[in-house]
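Okay, structure first, notes after.
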Amino acid sequence: KKFTERIPGPLIALVVATAVVTLFKLPVETIGSRFGEVPNSLPTPKLPELSWHLVRKMISPAVTIALLGAIESLLSAVVADGMTGTKHRSNMELIAQGASNILSPIFGGIPATGAIARTATNIRNGARTPVSAIIHALVLLLIMLFFGHWAALIPMPTLAAILIVVSYNMSEWHRFVNIVRKSPKDDVGVLLITFFLTVLVDLTVAIEVGVVMASFLFMKRMSDVSQAKLITNELSRYKEEENPDEYSLSTRKVPDGVIVFEVQGSLFFGVVDEFKETIRRVQKKPKVLILRTRNVLAIDASGLQAIEEVVLQTKREGTAFVLSGPHSQPLIALDNAGLIDLIGIENIVPNIDVALERANTILKQNAAISEKHEPKPE
476 KKFTERIPGP LIALVVATAV VTLFKLPVET IGSRFGEVPN SLPTPKLPEL
526 SWHLVRKMIS PAVTIALLGA IESLLSAVVA DGMTGTKHRS NMELIAQGAS
576 NILSPIFGGI PATGAIARTA TNIRNGARTP VSAIIHALVL LLIMLFFGHW
626 AALIPMPTLA AILIVVSYNM SEWHRFVNIV RKSPKDDVGV LLITFFLTVL
676 VDLTVAIEVG VVMASFLFMK RMSDVSQAKL ITNELSRYKE EENPDEYSLS
726 TRKVPDGVIV FEVQGSLFFG VVDEFKETIR RVQKKPKVLI LRTRNVLAID
776 ASGLQAIEEV VLQTKREGTA FVLSGPHSQP LIALDNAGLI DLIGIENIVP
826 NIDVALERAN TILKQNAAIS EKHEPKPE
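Residue numbering for the sequence shown follows my numbering, beginning at 476 and increasing consecutively.
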């Protein structure tokens, strides 16, 4: 903790421990004994010798380091947000980090990222704005130029003790226990696996595994809430919701020969099979098939392929296909895939009322064509 409002406690501990170890010549490992003397001058800038062979050799590790560095820096920023109650700008963070890592090798440096330990230590000792990071860098530069000899005397156990205190303060174990007790079991499983991988393996590995597991969990939940269903003509048996909205089908008349399907949630690969199977289960082929998508906010390539298969199937069977209520993302995806031309722009309508009107128009046109081709009695 702070000894005074102006002097952080860890700084006092650092100075006192260094003085004691130096004066009494204690057999303790220091920065100098572990890493060698700290240089007291800036290295001469030098451009690397680039060649196509070197670029091909280094492109893969360079991309890997860039991705891992971005992940760690953004994670540090998230931790800082939680400790200060602020909101970082991700784009600015990554642009600044990229620029610094481009310039650093010119001076013989290595890729650098935001570090959770140093960020948390900085905040615990009063830092609240990005100015603290600038001051931190300038202080390190001054130490290297003018106090490198003294910095080499800092005991490693002192640094370890400071980091242990910082880690304990930022762990918030009370909150961790509360999350484990009250959160869904799936989320707790991802949390614990990520936690133990961080402790036993590496932070980067833990984040990669955690993100992959969270992605699978998200897709499972999306699949669970997404469904495709057939809305029958027997409206008395159809309960769309407890409080029907203005576009509730339960208050409308669906003409004979027309069936309405509705997809709830995103139309992605996790629900495509259910969607196609629901349509296959229709025994009597309709004259008009309306696909209602007012609750479909997103669609992927598998969903587009499923719609294309349904449209082609309806064309083979002589059934008209009407798409009702598509949102902007699905509509743009349909256009990019060329499905709007396949469906027909006149068969893509904004809501169920217009869809039913379009179905009635198609039924009348089909009836007129049938009458025209019926043989007249002699």
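For glycine and all other residues, C-beta sits at the position ideal for the given N, C-alpha and C.
Can the beta-carbon of residue i be found less than 9 angstroms from the beta-carbon of residue j?
i	j	result
T669	L638	no
P854	V684	Since the displayed the chain opens at 476 and closes at 853, residue 854 lies outside it and no answer follows.
V738	R696	no
I546	I682	yes
A552	G601	no
G544	N566	no
I585	L522	no
V733	L838	yes
Q804	I774	yes
I654	V663	yes
F736	M694	no
G740	N770	yes
K759	E792	no
A795	A834	yes
S548	L525	no
K790	T753	no
L831	V729	yes
M558	M645	yes
A781	V747	yes
A636	A488	yes
E783	L814	yes
L809	L798	yes
R603	T561	yes
So, with DSSP's three-state summary, where would you put residue i?
i	result
A608	helix
L525	coil
Q758	coil
A636	helix
L705	strand
K500	coil
N515	coil
I654	helix
A571	helix
P586	coil
P485	helix
F622	coil
R669	For the record, residue 669 in the displayed sequence is Thr; it is not Arg. Helix.
E647	coil
R712	Residue placement at R712 is flagged as unreliable, the pLDDT there being 40, under the threshold of 50; the coordinate-derived value follows with that caveat. It is helical.
P520	coil
K660	helix
K728	coil
Between residue i and residue j, what straight-line distance do the alpha-carbon atoms span, to the nearest angstrom?
i	j	result
F750	D677	42 angstroms
Q840	S698	39 angstroms
L779	A555	41 angstroms
S535	R755	47 angstroms
M688	V700	19 angstroms
I538	F671	It is Val, not Ile, that sits at residue 538 in the sequence shown. Roughly 27 angstroms between the two C-alpha positions.
P518	S579	11 angstroms
I540	I598	26 angstroms
R593	A608	10 angstroms
L913	L667	Look at the range of the chain in this structure, 476 to 853, and you will see that residue 913 is not part of it.
S711	L542	Unreliable placement is indicated for S711, whose pLDDT of 38 sits below 50; no coordinate value is reported for it.
N811	S777	14 angstroms
N708	T836	The predicted model places N708 with a pLDDT of 44, which falls under 50 and marks its position as unreliable, so this point remains unresolved.
L498	V614	25 angstroms
I482	V491	13 angstroms
K657	R650	11 angstroms
G583	V606	25 angstroms
H563	Q572	14 angstroms
L550	A587	14 angstroms
E647	D661	21 angstroms
H802	V652	41 angstroms
V496	L634	13 angstroms
In the DSSP output, which residue or residues are listed as bridge partners for residue i?
i	result
R767	E737 and S799
I898	For residue 898 there is no data in the structure shown, the boundaries of the chain being 476 and 853.
A602	None, per the DSSP bridge assignment.
R824	Here residue 824 is Val; the residue named in the question, Arg, does not match the sequence. BP columns for V824 point to S799.
T505	P630
For residue i, decide whether its Cβ has a neighbour in chain D, counting only Cβ atoms nearer than 9 angstroms.
i	result
G732	Given the protein chain composition of this structure (a single chain), no chain D is represented.
**Report entry** Three-pair Cβ contact test at 8 angstroms for the region 492 to 507 versus the region 623 to 639
**Finding:** yes
**Report entry** Sufficient close CB pairs (3 or more, under 8 angstroms) joining the region 764 to 778 to the region 818 to 838
**Finding:** yes
**Report entry** Inter-stretch contact at 8 angstroms, needing at least 3 Cβ pairs: the region 512 to 531 / the region 606 to 625
**Finding:** yes
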